[in-house]
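So for the sequence shown, this note's numbering puts the first residue at 190; every next one is plus one. Just so it is clear, CB atoms sit at the ideal spot from N, CA and C, and this is done for glycine as well. One structure below.
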Amino acid sequence: MSGVPTAHIWLPYTQMQNAAEPLRASHTAGSRIILDDGRELIDAVASWWTACHGYNHPHIVMAMEKQLHAMPHVMFGGLVHEPAEKLAARLAVMLPGPLNRVFFADSGSVAVEVAMKMAVQFGLNQGDTGRTRFLSFRDGYHGDTLAAMSVTDPDEGMHSLFRGYLPEQVIAPIPRDEASRAAFRQLLDEHRHEIAAVIVEPLVQCAGGMKMHDGATLKVIADAAKDAGVLLICDEIAVNFGRAGTLFAHTQAGIAPDIICLGKALTGGAINLAATVATADVFDAFLSDQAEAALMHGPTYMGSPLACAAANASLDLFDSEPRLQQVATIEAQLKRELAPLTSLPGVVDIRIKGAIGAIEVADLHNLDWLKAQFVAAGIWLRPFGNVIYTMPPFTITPDELSAITGAISDILPRWADRTPTAG
Ligand SMILES: *Cc1c(COP(=O)(O)O)cnc(C)c1O
């Protein structure tokens, strides 16, 4: 390779004027990313939380190879195929209750857009034209497209920068205590006639800073939505498929969402795919003699056979390999190995849930230095906001996980000693 590798690439979330040169990935194996120069990094973040079985799992690779030769892609308009039918049927069985109608999308943000569109049109199809807003939460994150941004935390979603472009939603703090629960119920009650749905990330608000809440809090949110007569959308894109300790996070609260968004680890990290799953009640509201009552949405690559084959293979692995047990083991190891860090200067909080370990610091300074230190230690970590976190593949070995927690324990004190500078 010659020339500047990023001369024509516009990187995500990056000020291109002074961005550090990105590392060049060559290939992947197990929990590792191998760079062009031969260095190996243990991936502590499983490629944005997708690679739950580690990289290149032979079962997923084989299923995709087989599908690749038979039919890599075919349009989903007017055609269906076995990989999609099988995947939809399996998701319907795995998901609790009446969540049994699957709309495929090509990314998580689009799955959220579809969920929001479904919720608004659910009202319209019943003659209720006033439900044009959503209730969402501080520290929430639901994607980077415009409607998804509007239900993301106002700072994270850049609501002030994009004022006028983004619909204005009703935004509440996660109601963790009695006082905020009362306020939450009241807020929802005040807006009950204009709200199409409450949208929440169950148990862990990931991109918004790995903020956690318990099942009881999630139940309060779900019950309030039910009492107010508005739909509940659970965005499980980050936590689905075991990340928070159970196959789906919302089941820990025993609640019954009307719509759920799946993504990220749906294909085990092999290829993009997402889904919006609705209950029979939501689906039924779109059945009509009126053509315009139909859900008018159809991403070009929706339900790609190749992606569905990968997802089916990923689901096989949840059946055949002890993933949830591995998550429990990771959780216990994270608790043991991160606990001593509480006493470090600058550490504000340590949060662990399933295969998610987050260390909140008062001020995440010297970020480029910090990232470089982790790389030098052979660890791929991406601190952001004010958290240093790991969300490793579930197949990570105890030694590899110790290498991650060891690097954090080793580097954090040196980082805390540095004079804070930007970058
Ligand atoms: C990542 C994420 C999304 C967006 O998914 P993309 O595939 O990046 O569009 C939406 N919601 C949550 C909770 C996420 O973590």
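Discussion item. For a test of your reading of the model: does the CB of Y578 fall under 7 Å from any non-hydrogen atom of ligand 1? Yes or no.
Written reply: no
Discussion item. Less than 7 Å between C-beta atoms, sequence neighbours within five positions excluded: which residues of the same chain meet that for S339?
Written reply: G346, L355, P356 and Q358
Worksheet item: So what's G192 in DSSP terms, helix, strand or just coil?
Response: For G192, the predicted structure reports a pLDDT of 43, less than 50, and the residue's modelled location is therefore unreliable. A value from the coordinates is still provided. DSSP places G192 in coil when its eight states are reduced to three.
Discussion item. If I follow the unbroken alpha helix (DSSP H) through S591, where does it start and stop?
Written reply: P587 to D606
Worksheet item: Given E143, which residues of its chain have a CB within under 7 Å of its CB, disregarding the five upstream and five downstream residues?
Response: Missing from the structure shown is residue 143; the chain here goes from 190 to 612 and no further.
Discussion item. Please classify P573 as buried or exposed, where buried requires at least 16 other C-beta atoms within 10 Å of its C-beta.
Written reply: It is worth fixing the name first, because residue 573 is Phe in this sequence and not Pro. Flag for F573 reads exposed.
Worksheet item: Leaving out five residues before and five after P587 in sequence, what residues of the same chain have Cβ atoms less than 8 Å from its Cβ?
Response: T518 and Q522
Fill in: 7 Å CB neighbourhood of E383 in its chain, flanking five on each side removed
G319, R320, T321 and R322
Worksheet entry | Alpha-carbon spacing of F583 relative to G398, whole angstroms | 21 Å
Worksheet item: To the nearest whole angstrom, what separates the beta carbons of A294 and T465, a pair I think is in contact under 8 Å?
Response: 6 Å
Discussion item. Quick check: what's the CA-CA separation for I223 versus I585?
Written reply: 16 Å
Worksheet item: Can you tell me whether P446 is buried or exposed, with buried defined as 16 or more other CB within 10 angstroms of its CB?
Response: buried
Discussion item. By alpha-carbon positions, which one of G332, V301 and L533 ends up nearest to D599?
Written reply: L533
Fill in: Three-state secondary structure assigned by DSSP to D508
helix
Worksheet item: How should V269 be labelled, buried or exposed, when 16 other C-beta atoms within 10 angstroms of its C-beta is the threshold for buried?
Response: exposed
Discussion item. Going by DSSP in three states, E345 sits in which element: helix, strand or coil?
Written reply: coil
Item to complete: Compute the beta-carbon to beta-carbon distance between L392 and A438, rounded to the nearest angstrom, for a pair I have assumed lies under 8 Å.
Response: 4 Å
Worksheet item: Using the C-alpha atoms, what's the distance from A385 back to S349?
Response: 23 Å
Worksheet item: When you compare only the Cα positions, how much space is there between G452 and R603?
Response: 37 Å
Worksheet entry | N429 classed as buried or exposed, judged by whether at least 16 other C-beta atoms fall within 10 angstroms | buried
Item to complete: Could you tell me the boundaries of the beta strand (DSSP E) in which H216 lies?
Response: A214 to A218
Worksheet item: Taking 7 Å as the cut-off, does the CB of C423 come closer than this to any heavy atom belonging to ligand 1?
Response: no
Fill in: Per-residue burial, D328 [other beta carbons within 10 Å of its own, 16 or more giving buried]
buried
Fill in: Beta-carbon gap between A308 and C450 smaller than 8 Å
no
Practice prompt. For the beta strand (DSSP E) containing V537, list its first residue and its last residue.
Written response: V536 to K542
Worksheet item: Buried or exposed: Q204, going by 16 or more other Cβ atoms within 10 Å of its Cβ?
Response: exposed
Worksheet entry | Cut-off 7 Å between Cβ atoms - residues of its own chain near I460, not counting five sequence neighbours on either side | L495, A496 and A499
Worksheet item: Going by other Cβ atoms of all chains shown within 10 Å of its Cβ, with 16 needed for buried, is T239 buried or exposed?
Response: buried
Discussion item. Is any non-hydrogen atom of ligand 1 found closer than 7 Å to the C-beta of Y202, if you look at the structure I gave you?
Written reply: no
Worksheet item: So does A452 have its beta carbon nearer than 7 Å to some heavy atom of ligand 1?
Response: The sequence given here has Gly at residue 452, not Ala. Because some heavy atom of ligand 1 lies under 7 Å away, the Cβ of G452 counts as near it: yes.
Discussion item. Closest to R432 by C-alpha separation, out of E390, G418 and A405, would be which residue?
Written reply: E390
Worksheet item: Grouping DSSP H, G and I as helix and E and B as strand, with all else coil, what is Q162?
Response: Since the first residue shown for the chain is 190 and the last is 612, residue 162 is missing from the structure and cannot be characterised.
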